[in-house]
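Participant:
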Amino acid sequence: MLTAEENAQLTRVGPGTLIGDLMRQYWIPVVLSSELVPGGRVKRVKILGEELVAFRSPSGRVGLLGEFCAHRRASLYFGRNEEAGLRCVYHGWQFEPGGRCVDMPNERPETSFQDKVTQPAYPCAERGGVVWTYMGPASRPPGLPDLEWALVPEAQRFVSKFWQDCNYLQALEGGVDPAHISFLHGILDARDDAMRRALDQAAVGFGFTSQLERAPHIEVADTETGLLIGARRDAPAGQHYWRITQYLLPFHTMPPPEVGSDPVFPSHVWIPVDDDHLVNWCISWHPTRALTADELAAFQAGSGIHITAPAPATSEAYGDIRPVASRGNDYLADWEAQRMRKFFGVPGPGAQDKALTESQGAYDRSLERLGRADLGIIRVRKRLLEAAIALRAHGTPPPGLDPATYGVRPASMLLPKDVPWVEGAKKRLTA
Ligand code: FES
Ligand SMILES: [Fe+2]
Numbered sequence: 001m002l003t004a005e006e007n008a009q010l011t012r013v014g015p016g017t018l019i020g021d022l023m024r025q026y027w028i029p030v031v032l033s034s035e036l037v038p039g040g041r042v043k044r045v046k047i048l049g050e051e052l053v054a055f056r057s058p059s060g061r062v063g064l065l066g067e068f069c070a071h072r073r074a075s076l077y078f079g080r081n082e083e084a085g086l087r088c089v090y091h092g093w094q095f096e097p098g099g100r101c102v103d104m105p106n107e108r109p110e111t112s113f114q115d116k117v118t119q120p121a122y123p124c125a126e127r128g129g130v131v132w133t134y135m136g137p138a139s140r141p142p143g144l145p146d147l148e149w150a151l152v153p154e155a156q157r158f159v160s161k162f163w164q165d166c167n168y169l170q171a172l173e174g175g176v177d178p179a180h181i182s183f184l185h186g187i188l189d190a191r192d193d194a195m196r197r198a199l200d201q202a203a204v205g206f207g208f209t210s211q212l213e214r215a216p217h218i219e220v221a222d223t224e225t226g227l228l229i230g231a232r233r234d235a236p237a238g239q240h241y242w243r244i245t246q247y248l249l250p251f252h253t254m255p256p257p258e259v260g261s262d263p264v265f266p267s268h269v270w271i272p273v274d275d276d277h278l279v280n281w282c283i284s285w286h287p288t289r290a291l292t293a294d295e296l297a298a299f300q301a302g303s304g305i306h307i308t309a310p311a312p313a314t315s316e317a318y319g320d321i322r323p324v325a326s327r328g329n330d331y332l333a334d335w336e337a338q339r340m341r342k343f344f345g346v347p348g349p350g351a352q353d354k355a356l357t358e359s360q361g362a363y364d365r366s367l368e369r370l371g372r373a374d375l376g377i378i379r380v381r382k383r384l385l386e387a388a389i390a391l392r393a394h395g396t397p398p399p400g401l402d403p404a405t406y407g408v409r410p411a412s413m414l415l416p417k418d419v420p421w422v423e424g425a426k427k428r429l430t431a
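If you count the sequence shown from 1, position 335 lands on 335 in UniProt numbering, and the numbers rise without skipping.
1. Roughly how many whole angstroms lie between the Cα atoms of leucine 391 and arginine 233?
2. Using DSSP with H/G/I as helix, E/B as strand and the rest coil, what is tyrosine 77?
3. Just verifying my parser: in three-state terms, what is the DSSP assignment at serine 284?
4. Identify, in the order they occur along the chain, each residue of the same chain with its Cβ nearer than 7 Å to the Cβ of valine 176, setting aside the five sequence neighbours on each side.
5. Using the beta-carbon of each residue, find all residues closer than 5 Å to any heavy atom of ligand 1 and list them in chain order.
6. Express the C-alpha separation of phenylalanine 265 and asparagine 167 in angstroms, rounding to a whole number.
7. Please write down, chain order preserved, every residue whose beta carbon lies under 7 Å from a heavy atom of ligand 2.
8. Touch check for the segment 30-45 and the segment 404-424: three-plus C-beta pairs under 8 Å?
9. If we count Cβ pairs, one from each stretch, closer than 8 Å, do we get three or more for the segment 66-78 versus the segment 283-300?
10. Could you check the C-alpha separation between alanine 317 and arginine 44 for me, to the nearest Å?
11. Taking the C-alpha atoms as reference points, what is the distance between glutamate 368 and isoleucine 307?
12. Under a three-way DSSP split, which group does valine 220 fall into?
13. May I have the straight-line CA-CA distance separating glutamate 110 from serine 57, to the nearest angstrom?
14. Start and end of the beta strand (DSSP E) containing glycine 350?
15. Which residue wins for smallest C-alpha separation from glutamate 67, given the options Ala54, Tyr26 and Gly60?
16. Using the beta-carbon count (16 or more within 10 Å), is aspartate 275 buried or exposed?
17. Measure the beta-carbon distance from methionine 1 to leucine 370 and round it to whole angstroms, keeping in mind my assumption that it falls under 8 Å.
18. Could you check if histidine 340 is buried or exposed, using at least 16 other CB atoms within 10 Å of its CB as the buried criterion?
19. Can you check which of these residues, Phe95, Pro349, Trp281 and Gln170, is closest to aspartate 374 by C-alpha distance?
20. Can you list, in chain order, the residues of its chain whose CB lies under 6 Å from that of leucine 385, leaving out five sequence neighbours each side?
21. With 16 other CB atoms within 10 Å as the buried threshold, where does tryptophan 335 fall?
22. In this structure, how does DSSP classify glutamate 82 when only helix, strand and coil are distinguished?
23. Just to confirm, is the Cβ distance from isoleucine 187 to phenylalanine 78 under 8 Å?
24. Can you list, in chain order, the residues of its chain whose CB lies under 8 Å from that of alanine 309, leaving out five sequence neighbours each side?
25. So what does DSSP say about proline 312, is it helix, strand or coil?
26. Which parts of the segment 404-428 are runs of the beta strand (DSSP E), unbroken and 3 residues or longer, counting only runs that do not cross its ends?
27. Assuming tryptophan 132 and tryptophan 281 form a contact by the criterion Cβ under 8 Å, report the distance between their Cβ atoms to the nearest whole angstrom.
28. Check the C-beta distance from proline 97 over to glycine 63 and give it rounded, since I have them as a contact under 8 Å.
29. Taking the continuous alpha helix (DSSP H) assigned at valine 394, which residues delimit it?
30. Rounded to whole angstroms, what is the Cα-Cα separation between glutamate 423 and proline 236?
31. Label serine 160 either buried or exposed according to how many other C-beta atoms from any shown protein chain fall within 10 Å of its C-beta, with 16 as the threshold for buried.
32. With distances taken Cα to Cα, identify the nearest neighbour of serine 139 among Ala155, Val152 and Ala121.
33. Within 10 Å of its beta-carbon, does phenylalanine 158 have 16 or more other beta-carbons around it, so buried, or fewer, so exposed?
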């Protein structure tokens, strides 16, 4: 559990907050590159409590500006997307993607007022089919993170994202919580559950078929840029079955892959919209081959970590990725299935995670009771707070500004009982 003060420190993300300032040290996903058409419509976005608009100029340059015009605060969402910049339709002021006002047609030409006006603007870069932004103070941002999923050819990855009605941290904590899988995503009838089938297949692949232990032994190890969260279960022949999650500051997690000789790896990026909402980016990638048509079709249909059934789109920020499954409709739960076949009746692991993390409400961590199984969560909070406090108190650069440290993978593997897990898994954990 945390004090009320630590809870507030860890969850508030606006400008000037402890964690908000930490997150502004890193590149942040904004939208998919494909969402911004050259010369096309402007999109509202909201990140770390800041209301912004994203657009792509007719010649292809991406811009990310404060939503409200420097003149009299009209929304640039309605702006004209012209080659020289985004033009406010109220009085015609025009801002280039760097934020400079380049035209002020409602003022007489002899005035120099135009040179004194700028619109808030953040630099953008594209990698992995994603537009990233840097919202921090450095005049020279760090390099983009060398995440393997963002560096492989497009055919080797699938990226989706969905909106969640809760603070980013409780969603992220679900990503470093290996103990919930046997319950929230578990089943009563093995024929009915893809997750359990996958886990059982994994066990078969490893030469043992016992039901996965529901209380794995959890170990956590620090890495340069985050943590390894290892869930250890007994396996035959003097071995341990390890499922290892990667956490990378400040908002990346990679859960262990389904096992097989040729796994597709999963990852999440948990991006705060504001204190009470987040965008959950979900990535599936293969390091060396294109995803098969079957794999792609499954991801597009919302299998695994993906949720791809949005409610009718609105033009609000991320108004086109709000899942149909939501609190108001019990996340489409099948209560009969919950009674007879599944531990929890909501269909699909993505929606199951969404339902339970949203159900924590405005999560007051001073009221929780953490056990040994919650070790990953405890250590994530500690790393975040330590990095944020060191930055605030001493200007210490946080971990992860070296792009190469993001070149990692999660792992599911067998190791002899006498091999230390971090050492034994090292090669598998490197991209
Ligand atoms: S409010 Fe934008 S130009 Fe006047
Ligand atoms: Fe989960």
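A virtual CB, placed ideally from N, CA and C, is assigned to each residue, including glycine.
Facilitator: With the structure as the only source:
1. When the Cα atoms are used, leucine 391 and arginine 233 turn out to be separated by approximately 38 Å.
2. Under the three-state reduction of DSSP, tyrosine 77 is assigned to helix.
3. strand
4. Ile229, Thr245, Tyr247, Thr253, Gly376, Ile377 and Val380
5. Cys69, His71, Arg72, Ala74, Cys88, Tyr90, His91 and Trp93
6. 25 Å
7. Listed by chain position, these are Gly174, His180, Ile181, Leu184, His185, Pro349, Gln352 and Asp353.
8. no
9. By the Cβ rule, the segment 66-78 does not count as touching the segment 283-300, because fewer than three pairs are nearer than 8 Å.
10. 5 Å
11. 29 Å
12. Under the three-state reduction of DSSP, valine 220 is assigned to strand.
13. 28 Å
14. First-last for glycine 350: 349-359, but that is the alpha helix (DSSP H), not the beta strand (DSSP E).
15. Shortest Cα-Cα distance from glutamate 67 to any of Ala54, Tyr26 and Gly60 involves Ala54.
16. buried
17. 6 Å
18. It should be pointed out that residue 340 corresponds to methionine in this sequence rather than to histidine. Flag for methionine 340 reads exposed.
19. Gln170
20. none
21. exposed
22. strand
23. With respect to phenylalanine 78, isoleucine 187 sits apart: the two C-beta atoms are not nearer than 8 Å.
24. Gly302, Pro323, Val324 and Ala325
25. coil
26. 411-416
27. At roughly 11 Å, the Cβ-Cβ gap does not stay under 8 Å, so tryptophan 132 and tryptophan 281 are not in contact.
28. 3 Å
29. The sequence given here places histidine at residue 394; valine does not occur at that position. Per DSSP, histidine 394 belongs to the alpha helix (DSSP H) from 375-394.
30. C-alpha separation (whole angstroms): 21 Å.
31. buried
32. Ala121
33. Classification for phenylalanine 158: buried.
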